[in-house]
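Undergrad: This is the structure I have questions about; it appears just below.
Protein chains: 2
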Amino acid sequence: MNIEERLLKGDKRACARLITMLENDDRKAIDIIKKLYNHTGNAYVIGITGPPGSGKSTLTDRLTKELRKKGKKVGIIAIDPTSPFTGGAILGDRIRMNDLSLDKDVFIRSMGTRGSLGGMSKSTWGAIKVLDICGADYIFVETVGVGQSEVDIVKTADTVLMVMVPNLGDDIQAIKAGIMEIADIFAINKSDLDGADKTQLEIEMNLDLNDKKDYRPPVVQVSASNNKGMDKLVDKLLEHKKYLEETDELIDRRKRNTKLEIIKLVEEELMNLILNKALEENLLDNLSKEIILKRLDPYSAKDKVLELIK
Amino acid sequence: MNIEERLLKGDKRACARLITMLENDDRKAIDIIKKLYNHTGNAYVIGITGPPGSGKSTLTDRLTKELRKKGKKVGIIAIDPTSPFTGGAILGDRIRMNDLSLDKDVFIRSMGTRGSLGGMSKSTWGAIKVLDICGADYIFVETVGVGQSEVDIVKTADTVLMVMVPNLGDDIQAIKAGIMEIADIFAINKSDLDGADKTQLEIEMNLDLNDKKDYRPPVVQVSASNNKGMDKLVDKLLEHKKYLEETDELIDRRKRNTKLEIIKLVEEELMNLILNKALEENLLDNLSKEIILKRLDPYSAKDKVLELIK
Numbered sequence: 000m001n002i003e004e005r006l007l008k009g010d011k012r013a014c015a016r017l018i019t020m021l022e023n024d025d026r027k028a029i030d031i032i033k034k035l036y037n038h039t040g041n042a043y044v045i046g047i048t049g050p051p052g053s054g055k056s057t058l059t060d061r062l063t064k065e066l067r068k069k070g071k072k073v074g075i076i077a078i079d080p081t082s083p084f085t086g087g088a089i090l091g092d093r094i095r096m097n098d099l100s101l102d103k104d105v106f107i108r109s110m111g112t113r114g115s116l117g118g119m120s121k122s123t124w125g126a127i128k129v130l131d132i133c134g135a136d137y138i139f140v141e142t143v144g145v146g147q148s149e150v151d152i153v154k155t156a157d158t159v160l161m162v163m164v165p166n167l168g169d170d171i172q173a174i175k176a177g178i179m180e181i182a183d184i185f186a187i188n189k190s191d192l193d194g195a196d197k198t199q200l201e202i203e204m205n206l207d208l209n210d211k212k213d214y215r216p217p218v219v220q221v222s223a224s225n226n227k228g229m230d231k232l233v234d235k236l237l238e239h240k241k242y243l244e245e246t247d248e249l250i251d252r253r254k255r256n257t258k259l260e261i262i263k264l265v266e267e268e269l270m271n272l273i274l275n276k277a278l279e280e281n282l283l284d285n286l287s288k289e290i291i292l293k294r295l296d297p298y299s300a301k302d303k304v305l306e307l308i309k
Numbered sequence: 000m001n002i003e004e005r006l007l008k009g010d011k012r013a014c015a016r017l018i019t020m021l022e023n024d025d026r027k028a029i030d031i032i033k034k035l036y037n038h039t040g041n042a043y044v045i046g047i048t049g050p051p052g053s054g055k056s057t058l059t060d061r062l063t064k065e066l067r068k069k070g071k072k073v074g075i076i077a078i079d080p081t082s083p084f085t086g087g088a089i090l091g092d093r094i095r096m097n098d099l100s101l102d103k104d105v106f107i108r109s110m111g112t113r114g115s116l117g118g119m120s121k122s123t124w125g126a127i128k129v130l131d132i133c134g135a136d137y138i139f140v141e142t143v144g145v146g147q148s149e150v151d152i153v154k155t156a157d158t159v160l161m162v163m164v165p166n167l168g169d170d171i172q173a174i175k176a177g178i179m180e181i182a183d184i185f186a187i188n189k190s191d192l193d194g195a196d197k198t199q200l201e202i203e204m205n206l207d208l209n210d211k212k213d214y215r216p217p218v219v220q221v222s223a224s225n226n227k228g229m230d231k232l233v234d235k236l237l238e239h240k241k242y243l244e245e246t247d248e249l250i251d252r253r254k255r256n257t258k259l260e261i262i263k264l265v266e267e268e269l270m271n272l273i274l275n276k277a278l279e280e281n282l283l284d285n286l287s288k289e290i291i292l293k294r295l296d297p298y299s300a301k302d303k304v305l306e307l308i309k
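Residue numbers (numbering that gives the first Met the number 0), protein chains in the order written: chain V, 0 to 309; chain E, 0 to 309.
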């Protein structure tokens, strides 16, 4: 069997290999995805974000188990911040030491953001397509932290699940402001801790202020590590999916995300082209030296680089 | 007095106006910075990052007060995540309700990341230059959260200060992995809480593993809200500054950051050019429709957009 056939059969090893090829910018990976593109579009993508310490990984694992009970195939992509120096994923391949990794219908992968050109890398989009081709019914894309790459997650997801915890301290205002408009569902994890009701109230009050849409994000108290409330959370996820499908908003979201993906692909190709050319001529080194010596400013330096492609 | 003269005199209102012009992509702002570029390079830039709830704002305020005691002029730029939908800063202009804002030698500004093209926007770099021209001795650039835009902060900073707190939960591993290599100084804030010593030990152990450089990042326990240890923290900041200056690493860092800034400027100009052209022809809309219908794949769509500039 060639790799295309193995992918269509949901072979996890073929799937892993193709994602690695994507990460290595192997053109053959793109060719394979292009060829199999009409097999995409079946997977439903759920973005999971939330502050450090909110237990996103455990929650994702539990959601996966709930979906497995329903016979669904699940993919998990965990996004790591990328080192600004090495370009590699900072956490490396976080291996989840649990029974999920033994399940042939669960695929788990950790991926770096490939820093400099934005939070979501083209490999993330590519990996989603690979899992889609491999027959995943649901794909979780899980972030680390709360910041730009976490806000960016909305650009790949059909549904965005925000994981909160009680007692987030003063910065809860900042977090809430940051995610209120991107979250479709709120899960308050570790809800056995004091303060869960207060956190829920705060979120609900914020939702009251933003209540301009037909759909109001539900707030669900759960405890992933105790497996409490996970069935209800899955119900809410499926309800949101149904809502999007029935109102055609799913098509709109996917169109928006597809546009963003095209822009990203254009950006990466173009910048690679220019940077390679600038590198050849040692241009960036020379320009930055001139700038440090204040014989040039960065804006004029930019114009000089742009002349390269004219 | 024209705006150039007012900037050179450190007029806060002129400074604020120029930054607003930068945010609005007003070409005149760039022309002014270009004209005054030889007045830059005196400010020392300190990036402040750390997880939500670590008290970064309070700590920045306290550091500012310490530096004011030494007669230094200080600028503070607080980075907000940007809304993926409106493009505006999510937190709006967080106004610090304290005595600092009345000090004529302290300038405070909140700025959005302008999402899609990466964590640090060209306005952030521009604003640093404006504050530099206005005579700031020190500029703090403060992030929200821990993620890609927080890792990106290193790209504007001379010194990176990482703020930690005791009891960060399981995700401390992720945070540590994410910032170990970018932090020059660690502050454990709220060190009156239990667990500060344990957090310090964990950081020190990680530093032991990474101990390949001449300079080892110090770990300082502080309590910003009680004004405890802030003088020591300032000492460590000044020591790191001195170290960078004496070893010429400061020049290297600034060269590296300048290169990244040029790349960012090139990227933004080029993408604006292409996107405007694509917008005119309704190209992205049409392509994404085709992709949703599976008559096209995103990679072929990218090629079609790139043809626009050929």
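Note that the Cβ used here is the ideal one computed from N, Cα and C, for glycine as well.
This one's a predicted model, so the numbers in the text were calculated from it and none came from an experiment.
1. What is the rounded straight-line gap between the Cα of glutamate 244(E) and the Cα of arginine 253(E)?
2. May I ask you to report which of helix, strand or coil DSSP gives glycine 194(V)?
3. Quick one: which chain V residues come within Cβ less than 7 Å of asparagine 37(E)?
4. Sorted by chain position, which residues of the same chain lie with C-beta nearer than 7 Å to leucine 259(V)'s C-beta, five sequence neighbours on each side aside?
5. Quick one: measure Cβ to Cβ for glycine 49(E) and valine 162(E), integer angstroms, because I've assumed they're closer than 8 Å.
6. In the structure shown, what three-state DSSP assignment does isoleucine 273(E) receive?
7. So if I threshold CB-CB distances at 9 Å, which residues from the segment 47-63 of chain E count as touching chain V?
8. What residue does the beta strand (DSSP E) around isoleucine 187(V) start on, and which one ends it?
9. Give me the Cβ distance between valine 304(E) and valine 304(V), rounded to the nearest whole Å; I'm assuming they're in contact under 8 Å.
10. Considering only C-alpha positions, which residue in the set Lys240(V), Ser56(V), Thr257(V) and Leu307(V) is nearest to methionine 270(V)?
11. Decide if the segment 186-194 of chain E is in contact with the segment 119-132 of chain E; the criterion is three or more beta carbon pairs, one per stretch, under 8 Å apart.
12. Does the Cβ of phenylalanine 84(E) have 16 or more other Cβ atoms within 10 Å, making it buried, or fewer, making it exposed?
13. Once DSSP output is grouped into helix, strand and coil, what is the label at methionine 0(E)?
14. If we count the other Cβ atoms within 10 Å of its Cβ and call it buried at 16 or more, is arginine 12(V) buried or exposed?
15. What are the start and end residues of the alpha helix (DSSP H) that includes glutamate 245(E)?
16. Would you check whether the ligand GTP has a heavy atom nearer than 7 Å to the C-beta of valine 233(V)?
17. Look at glycine 134(E) and lysine 72(E) and say whether their C-beta atoms are less than 8 Å apart.
18. Looking at chain V, is there any beta carbon in it that lies within less than 8 Å of the beta carbon of valine 304(E)?
19. Methionine 0(V): buried (16+ other C-beta within 10 angstroms of its C-beta) or exposed?
20. Please confirm if isoleucine 202(V) has its CB atom under 8 Å from at least one CB of chain E.
21. Would lysine 68(V) be called buried (16 or more neighbouring beta carbons within 10 Å of its own) or exposed?
22. Closest to serine 224(V) by CA distance: which of Ile262(V), Asn37(V) and Asp60(V) is it?
23. Looking only at its chain, what residues have a beta carbon closer than 6 Å to the beta carbon of glycine 117(V), apart from the 5 residues adjacent to it on each side?
24. What's the C-alpha gap between glutamate 180(E) and lysine 27(V)?
25. Identify the contact partners of tyrosine 43(V) in chain E, using a Cβ-Cβ distance below 9 Å as the criterion.
26. Within a Cβ cutoff of 7 Å, which residues of the same chain sit near leucine 249(V), ignoring the five residues on either side of it in sequence?
27. Can you have a look at serine 100(E) and say buried or exposed, based on whether 16 or more other CB atoms are within 10 angstroms of its CB?
28. Are the beta-carbon atoms belonging to leucine 6(V) and cysteine 14(V) less than 8 Å from one another?
29. With respect to the beta strand (DSSP E) encompassing glycine 46(E), which residues constitute its N-terminal and C-terminal limits?
30. For a quick check, are the C-beta atoms of isoleucine 47(E) and leucine 206(E) less than 8 Å apart?
31. Would you say proline 83(E) reaches chain V, if we count a Cβ-Cβ gap shorter than 8 Å as a contact?
32. Under DSSP, the beta strand (DSSP E) around glutamate 180(V) begins and ends at which residues?
33. From what residue to what residue does the alpha helix (DSSP H) around leucine 130(E) run?
34. How would you write the range of the beta strand (DSSP E) that serine 333(E) sits in, first residue to last?
35. Chain A partners of glycine 40(V), CB-CB under 9 Å?
36. Could you give the distance in angstroms between the alpha-carbon of valine 218(E) and the alpha-carbon of glycine 111(V)?
TA: Here's the rundown:
1. 11 Å
2. coil
3. Neighbours of asparagine 37(E) on chain V, chain order: Lys293.
4. Lys154.
5. 3 Å
6. helix
7. Residues Pro50, Pro51, Gly52, Ser53, Gly54, Lys55, Ser56 and Thr57.
8. Boundaries of the beta strand (DSSP E) around isoleucine 187(V): 184-187.
9. So it is not a contact: roughly 21 Å between Cβ atoms.
10. In this structure, Leu307(V) is the residue among Lys240(V), Ser56(V), Thr257(V) and Leu307(V) with its C-alpha nearest to the C-alpha of methionine 270(V).
11. no
12. Because phenylalanine 84(E) sits at a pLDDT of 47, beneath the cut-off of 50, its placement in the model cannot be relied upon, and the following sentence gives the value as read from the coordinates. Exposed, by the Cβ-count rule.
13. If DSSP states are grouped into helix, strand and coil, methionine 0(E) belongs with coil.
14. exposed
15. 229-245
16. The ligand GTP is not among the ligands present in this structure, which contains no ligands whatsoever.
17. yes
18. yes
19. Burial call: exposed.
20. no
21. exposed
22. Asp60(V)
23. Reliability fails at glycine 117(V), whose pLDDT of 40 lies under 50, so the model's placement of it is uncertain and no value is given.
24. 34 Å
25. Neighbours of tyrosine 43(V) on chain E: none; closest Cβ ~15 Å, over 9 Å.
26. Asp157 and Leu243
27. exposed
28. Cβ distance < 8 Å, so leucine 6(V) and cysteine 14(V) count as in contact.
29. 43-48
30. no
31. In this prediction, proline 83(E) scores a pLDDT of 45, lower than 50, which makes its location untrustworthy; the coordinate-derived value is nonetheless stated afterwards. So yes, proline 83(E) belongs to the interface.
32. Unbroken run through glutamate 180(V): none, as it is neither H nor E.
33. Note, leucine 130(E): alpha helix (DSSP H), 121-132.
34. This structure cannot settle anything about residue 333(E), because the visible part of chain E is limited to 0 through 309.
35. The structure shown contains no chain A; its protein chains are V and E.
36. 28 Å
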